Amino acid sequence: MFVIAEADNLPDYVDPETGDIYPEILEPNYLGPSWKKNPDGSWHLPEFTLGWQIAGWCAKYLKGKGGKPWNFSDEQLRFVLWWYAVDEYGNWLYNRGVLQRLKGWGKDPLLAVISIVEWVGPSRVVGWAEHGPVGGPADDPWVLLTATSISQTRNTTLLIPNLMTDLFRKTYQIPRKLGKEILYATLPNGTQAILEPLTSNPRPFEGKRPTFVLENETQHWVKSNSGHEMHQQVDDNITKVDGARYLAITNAPEAGEDSIAEQVRRAWELVEEQVAKGARAWNDTLYDSVEANERAPLDPRFLRRILERLRGDSIWLNIDNIIASIVNPMNPPSNSRRKWLNQILADDDALISPQMWDVLRRPDDMLQAGEAIALGFDGGKSDDATALVAIRLSDGFIQPIEVWEKPDGPKGDGWKINRELVESAVHECFRVYNVKAFFADVALWESNIAEWGRLYGHKLAVKARGAEPIGWDMRESLKALTHAHERFLSAITERKVTHDGDPILRRHAMNARRRENNFGVSFGKESRESQRKVDAYAAAMLAHEAFHQYHQRGREERKRTGRGVFI
331 MFVIAEADNL PDYVDPETGD IYPEILEPNY LGPSWKKNPD GSWHLPEFTL
381 GWQIAGWCAK YLKGKGGKPW NFSDEQLRFV LWWYAVDEYG NWLYNRGVLQ
431 RLKGWGKDPL LAVISIVEWV GPSRVVGWAE HGPVGGPADD PWVLLTATSI
481 SQTRNTTLLI PNLMTDLFRK TYQIPRKLGK EILYATLPNG TQAILEPLTS
531 NPRPFEGKRP TFVLENETQH WVKSNSGHEM HQQVDDNITK VDGARYLAIT
581 NAPEAGEDSI AEQVRRAWEL VEEQVAKGAR AWNDTLYDSV EANERAPLDP
631 RFLRRILERL RGDSIWLNID NIIASIVNPM NPPSNSRRKW LNQILADDDA
681 LISPQMWDVL RRPDDMLQAG EAIALGFDGG KSDDATALVA IRLSDGFIQP
731 IEVWEKPDGP KGDGWKINRE LVESAVHECF RVYNVKAFFA DVALWESNIA
781 EWGRLYGHKL AVKARGAEPI GWDMRESLKA LTHAHERFLS AITERKVTHD
831 GDPILRRHAM NARRRENNFG VSFGKESRES QRKVDAYAAA MLAHEAFHQY
881 HQRGREERKR TGRGVFI
């Protein structure tokens, strides 16, 4: 604990009453079912899983440090229980997996053990007993360890021989002299099992039918080293084999590199959005990650407590060495955050980082009927999204009313926005809330917006542009657009607005890119053809501009209502 004499100089992560960091900032963000707890505080575990049998098998056949029987840590065991969780029919709950942790956490040893289990262990449901599923080896096991370089696959393969006990070697007829690359074993029924490393040249992988694939360090799998093509081959090939899956290990990916780690994270978040909205019942990718709080500082006074929580059961990590690396001025803070705080940062030209946006989240707040609000609207037709966003006039709380987007995959072919749904949402807003201002970009929606103006213009306290009650053409004035955007960006960075944590609005805000011009900083998509939409962010900006104009003109009105004295 420490005290700073001048309270005005306190960082925003320090409690002025105690002089210590706010406790909630110390707590990481936990992703994945292995971190969920029951109401009584116990860990929430899967109903049916092979994980318990696998833990016993590993203790019998594998050895850990000092030659002792292999024993999973509590954190590792929970992950294994969920990775091998099945439904009442014996089908996997998760068909793909990602384990993301800070550097040095021990991903390679854990995945070496899982690879051995997939090679010869009880990795498939072969029956049921009173306690649940019973496991046995896969049919014709073929385990592939893939990476962008042979040195990365060796991080795993070099660990495997040291994990084998004498009983393991005898039971599975492991040769005394192991091959340098491909490892062979014989199952009790005489079937040959293969464990093989492959680098990111996708050609040797084409046509293979693996039962399990480990993708190593996918933050390095980019287009230039054939990582994209390799991952596609992995996904295609495991689809051919019943029960086959892949599991990736990664550090926090570097934003903007378009690595497989970044792509998979983005895809997982998109499905989570749908799950949150009830469109799907389950996300079939097990994504397990522990990431530092958005506001976690690189302040050496607090780093020890932050890192102790991030490392979890990996007590072998030397926190003093990590702190020394973080505070070393030769190491860029962004690298330290990715490697040691396991944080995914924004692209270099991104307007808003996840940390900037997430700190504004107020998930327990919600607009109430009758509250005074301002609305913002940005409309598309077929490819771009359409968004209607509200902001509460009393405190700047932002909540999307609805965002309509083109569905992914075949469902999106020929998709067009249903204008009747949009019309209905607008009318419902005026029915439920006290709408004082409404700024809408007119592009592609001129006639609709003109009609809204005729219906509701007389109720609005602020006009959008001149005589236009609602229409606010973002193409009309680059200067006006830029200044409106800078006001919104300033409100975000200075934490003068909050939001409900809506995942679609968050994604659109993260997609927005900095566009500088003669008047300041505006925003745009990555490129004209980019599928990363920003329309909800644009609608939120327009809502904020309506919010700003309402309060600005309100102040001007108050100035004009003073008492005058005439002589």
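Taking this note's numbering, I'd label the letters of the sequence shown as residues 331 to 897. No residue lacks a Cβ here, since even glycine has one placed at the ideal position from N, Cα and C. Predicted, not measured: the structure shown is a model, and the values here were computed from it.
With a 10 Å radius around the Cβ and a threshold of 16 neighbouring Cβ atoms, I645 comes out exposed. The segment 796 to 803 makes no contact with the segment 833 to 840, as fewer than three CB pairs between them are under 8 angstroms.
Under the three-state reduction of DSSP, M494 is assigned to strand. Ranked by how close their Cα comes to the Cα of D708, the residues L872, G420 and H881 have L872 in first place.
Cβ neighbours of E638 within its own chain (closer than 6 angstroms, five residues either side excluded): none.
Spatial neighbours of K367 in its own chain (CB-CB distance under 7 angstroms, excluding positions within 5 residues in sequence) are listed in chain order as W373 and H374.
Around V772, the same chain offers I779, G801 and D803 as residues with beta carbons nearer than 6 angstroms, after the five sequence neighbours per side are excluded. For W472 and N519, the gap between their C-alpha atoms comes out near 16 angstroms. Rounded to the nearest whole angstrom, the C-alpha separation of L600 and W734 is 14 angstroms. With a beta-carbon spacing of about 6 angstroms, K736 and D713 fall inside the 8 angstroms limit used to define contacts. Shown here, T828 sits in a strand according to DSSP, grouped into three states.
Taking 8 angstroms as the cut-off, the Cβ atoms of P452 and G465 count as close. Annotation for R784: the continuous alpha helix (DSSP H) segment containing it runs E776 to Y786. Under the three-state reduction of DSSP output, I524 falls in the strand class. Cα atoms of F498 and C388: separation of roughly 10 angstroms, rounded to the nearest angstrom. About 18 angstroms separates the beta carbon of M686 from that of I834, a gap too long to meet the 8 angstroms contact definition. About 16 angstroms separates the CB atoms of A442 and L407; that is not less than 8 angstroms, and the two are not in contact. Here T478 is not near G427, since their CB atoms are 8 angstroms or more apart. Within the segment 658 to 728, complete beta strand (DSSP E) segments of at least 3 residues are found at 702 to 708 and 716 to 722, given in chain order. Put simply, the backbone Cα of D688 is about 45 angstroms away from that of K390. According to the DSSP assignment, T569 belongs to the alpha helix (DSSP H) that extends over G557 to T569. Under DSSP, E798 forms a beta bridge with R795. Around G420, the same chain offers V455 and P463 as residues with beta carbons nearer than 7 angstroms, after the five sequence neighbours per side are excluded.
With 16 or more other Cβ atoms inside 10 Å of its own Cβ, T580 counts as buried. If you ignore the 5 residues before and after A770, its C-beta comes within less than 8 angstroms of the C-beta of L705, G706, F707, D708, G709, I779, W782, A794, I800, G801, W802 and L872, all in its own chain and listed in chain order. Relative to E875, the option among G854, H815 and R722 whose CA is nearest is H815. Here Q593 carries a helix assignment [DSSP, helix/strand/coil]. If you compare the alpha carbons of N555, P341, R844 and L544 with that of K437, the shortest gap goes to L544.
Note: N368 is not bridge-paired with any residue in the DSSP secondary-structure output. Of all C-beta pairs linking the segment 586 to 595 to the segment 544 to 553, three or more are shorter than 8 angstroms, placing the two stretches in contact.
Under the three-state reduction of DSSP output, L356 falls in the helix class.
The three-state secondary structure of D404, taken from DSSP, is helix. Of the candidates E526, D614 and P363, E526 places its Cα closest to the Cα of R484. By the neighbour-count criterion, in which 16 or more other beta carbons inside 10 Å mark a residue as buried, L675 falls on the buried side.
One alpha carbon belongs to T348, the other to I721, and they sit about 34 angstroms apart. Under the criterion of beta carbons closer than 8 angstroms, L671 and I653 do not qualify as touching, at roughly 12 angstroms.
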